[in-house]
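**Q** Chains as they are written, first to last, in the numbering used here: chain A, 805 to 1064; chain B, 6 to 302.
Glycine included, every Cβ here is placed at the ideal spot set by N, Cα and C.
Note that this is a predicted model, so its numbers are computed, not measured.
Input: one structure, supplied below.
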């Protein structure tokens, strides 16, 4: 009896969590025609036929990917520097965590003004640089906690064989931490993929990413929900698949990385 | 090797530090400087204003209302997320501890909303709340009840947005608290149970104190994120009806990019910044305490 109640609540809350995405899926499949309402892929066909949809997906991907690669590269180096050359970087680590929390609104105004002068508005590289403001601190913070868990003896052994610090990082530490770094990379990619405010203010046409594109599906008479949700379903499948792939590592690193 | 080698460390830290100084340091200084001008991008006005923007913000009666709305939204959303997330976490811990079928899968399913872009989530709820064809009013219609103007009435709109926030972020609270609960030492609670302590006593006297650092970190993270939430406001209400959902972050945004008063907008954004940094300081202190307790354990 008590067990049944447990299941009812657990299944019920999962169902509640799924209501909004399932509702959107339903709306995306509804097609209004002269003969009434039917289910079909009309909205998907309409979205897929638009050049702007595909180019916005490419812009989102290119921006998120560039920011992720740079963050992981620089972040790994910084994490190595902070864990392998003595103590005393605790303060710096906390400062870096604080930087990650800075609200976008305070950064977006100066970047808008700066990019307007430099001609960087509406460019993928400009947007990717801004994404570093949150992705780089996150990368340093996460990778640092992974590197700290790798015993120093391993470095020592490599050094006795004559490896330089640089070689130790790339040939010894990175391969050991590869799964954890992959997890970090996927999370960073998802943060960038889901970012909206910077993209809305700083892109317009040539680098318009997917989320600000959605705002253009809102004519004065009301949003075109069918097309918005058709596009969104494709869009959010990407992080879902990425996270499903790394779920095992994610559960392990969650307590290690984010709370400590 | 272990002895401090600052120079070595900084060669590896250099790219990141250089990057952060340029992309964080510069904009912050530039935002402060912008906030000291009366500056409108539409009219081209750009005149020194000193702390005038701050004075006019702090003496504007509208600011008081923005502050109240921000506090109601943030506290209400986070409180509900905490209560619901905690309840669900207790339930799932029970299910997971007894190795009941389906609980690991349901744990993952429950976390799905967190992965969806907040902007897309905002469109979900704009559609769900839509007066005629929205899910909620359709269901109310089935039940023979009157339609509710979810986001079209000044009295209700803010609470409707709270619901949308709670719906997406309760799973985050749930995931963090559950992870915390699963790391609690089981021998202590077992011993208490053997001694005849009830479920309520164990929860209140033993587990809650042990869990306190995790709860504090989770609450602060959510407070920070709720204050930064802007997608719901841009998509669903635009601060309206009237000014009933004009939250601080959105107010700074609309001042800067809809009225193009970037000087005043920068001053508002810096106020958001200061509020959030105060919470971040508390968060760092909470994490340090968490760290120390881990070391003792």
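Which value, in whole angstroms, describes the spacing of the CA atoms of residue 833(A) and residue 939(A)?
**A** 35 Å
**Q** For the stretch 183-201 of chain B against the stretch 216-223 of chain B, do three or more pairs of beta-carbon atoms, one drawn from each stretch, fall closer than 8 Å, so that the two count as touching?
**A** yes
**Q** Mind checking which residues open and close the beta strand (DSSP E) that includes residue 1(B)?
**A** The question about residue 1(B) has no answer, for chain B in this structure spans 6 to 302.
**Q** If we ignore side chains and look at the alpha-carbon of each, how far apart do residue 291(B) and residue 297(B) end up?
**A** 10 Å
**Q** Who are the Cβ neighbours of residue 155(B) in its own chain at under 7 Å, not counting the five residues just before and after it?
**A** So the list reads 134, 141, 161, 165, once near-sequence residues are dropped.
**Q** What residue range is occupied by the uninterrupted beta strand (DSSP E) comprising residue 44(B)?
**A** 42-44
**Q** Could you tell me the alpha carbon to alpha carbon distance between residue 814(A) and residue 906(A), rounded to whole angstroms?
**A** 36 Å
**Q** Which residues in chain A have a C-beta closer than 7 Å to the C-beta of residue 100(B)? List them in chain order.
**A** 810, 814
**Q** In angstroms, rounded to a whole number, what distance separates the CA positions of residue 294(B) and residue 288(B)?
**A** 10 Å
**Q** Measuring CB to CB, does residue 223(B) end up less than 7 Å from residue 282(B)?
**A** no
**Q** I'd like to check one pair, residue 936(A) with residue 871(A): are the Cβ atoms closer than 7 Å?
**A** yes
**Q** By alpha-carbon positions, which one of 24(B), 47(B), 100(B), 175(B) ends up nearest to residue 115(B)?
**A** 175(B)
**Q** How long is the line joining the alpha carbons of residue 1044(A) and residue 266(B), rounded to whole angstroms?
**A** 39 Å
**Q** Given residue 887(A), which residues of its chain have a CB within under 7 Å of its CB, disregarding the five upstream and five downstream residues?
**A** 948, 951, 952
**Q** Whose C-alpha, out of 846(A), 943(A), 1019(A), is nearest the C-alpha of residue 988(A)?
**A** 943(A)
**Q** Using the Cβ count rule (16 or more neighbours within 10 Å means buried), how would you classify residue 863(A)?
**A** With 16 or more Cβ atoms within 10 Å of its Cβ, residue 863(A) is classed as buried.
**Q** Do residue 129(B) and residue 824(A) have their CB atoms nearer than 7 Å?
**A** yes
**Q** So if I threshold CB-CB distances at 8 Å, which residues from the stretch 35-48 of chain B count as touching chain A?
**A** Answer set for the stretch 35-48 of chain B: 35, 36, 39.
**Q** Quick one, which of 199(B), 189(B), 131(B) has its alpha-carbon nearest residue 243(B)'s?
**A** Checking every option, the nearest Cα to that of residue 243(B) belongs to 131(B).
**Q** Helix or strand or just coil, what does DSSP make of residue 16(B)?
**A** helix
**Q** Only counting the same chain, and skipping five residues up and downstream in sequence, which positions put a Cβ closer than 7 Å to that of residue 272(B)?
**A** 40, 58, 59, 62
**Q** Could you name the residues of the stretch 928-961 of chain A whose beta carbon sits closer than 9 Å to any beta carbon of chain B, in the order they occur along the chain?
**A** Using a CB distance below 9 Å, the part of the stretch 928-961 of chain A facing chain B consists of 933, 934, 936, 937, 940, 941, 943, 944, 956, 959, 960, ordered along the chain.
**Q** Is there at least one Cβ from chain B nearer than 7 Å to residue 924(A)'s Cβ?
**A** no
**Q** For residue 993(A), which residues from the same chain have a beta carbon less than 6 Å from its beta carbon, with the 5 sequence-adjacent residues on both sides left out?
**A** In its chain, beyond the 5 residues on either side, 868, 872 have a beta carbon closer than 6 Å to the beta carbon of residue 993(A).
**Q** Return helix, strand or coil for residue 243(B), following the three-state DSSP convention.
**A** Coil.
**Q** Tell me which residues share the same chain as residue 240(B) and place their Cβ nearer than 7 Å to its Cβ, disregarding the 5 neighbours each side in the sequence.
**A** Here the set comprises 124, 127, 128, 131.
**Q** Go ahead and pull the three-state DSSP assignment for residue 1025(A).
**A** coil
**Q** Classify residue 266(B) as helix, strand or coil using the three-state DSSP reduction.
**A** strand
**Q** How is residue 250(B) classed by DSSP in three states: helix, strand or coil?
**A** coil
**Q** In terms of residues, what are the limits of the beta strand (DSSP E) holding residue 64(B)?
**A** Where residue 64(B) is concerned, there is no enclosing beta strand (DSSP E), although the alpha helix (DSSP H) it sits in stretches over 57-64.
**Q** Does DSSP put residue 853(A) in a helix, in a strand, or in coil?
**A** coil
**Q** So for residue 4(B), helix, strand or coil by DSSP?
**A** What the structure shows of chain B is the stretch from 6 to 302, and residue 4(B) is not part of that stretch, so it cannot be assessed.
**Q** Relative to the C-alpha of residue 227(B), which residue among 79(B), 211(B), 277(B) is closest?
**A** 79(B)
**Q** Just to confirm the assignment, what range does the alpha helix (DSSP H) spanning residue 820(A) have?
**A** Here the alpha helix (DSSP H) through residue 820(A) covers 806-833.
**Q** Within 8 Å, do at least three Cβ pairs link the stretch 911-925 of chain A to the stretch 999-1006 of chain A?
**A** yes
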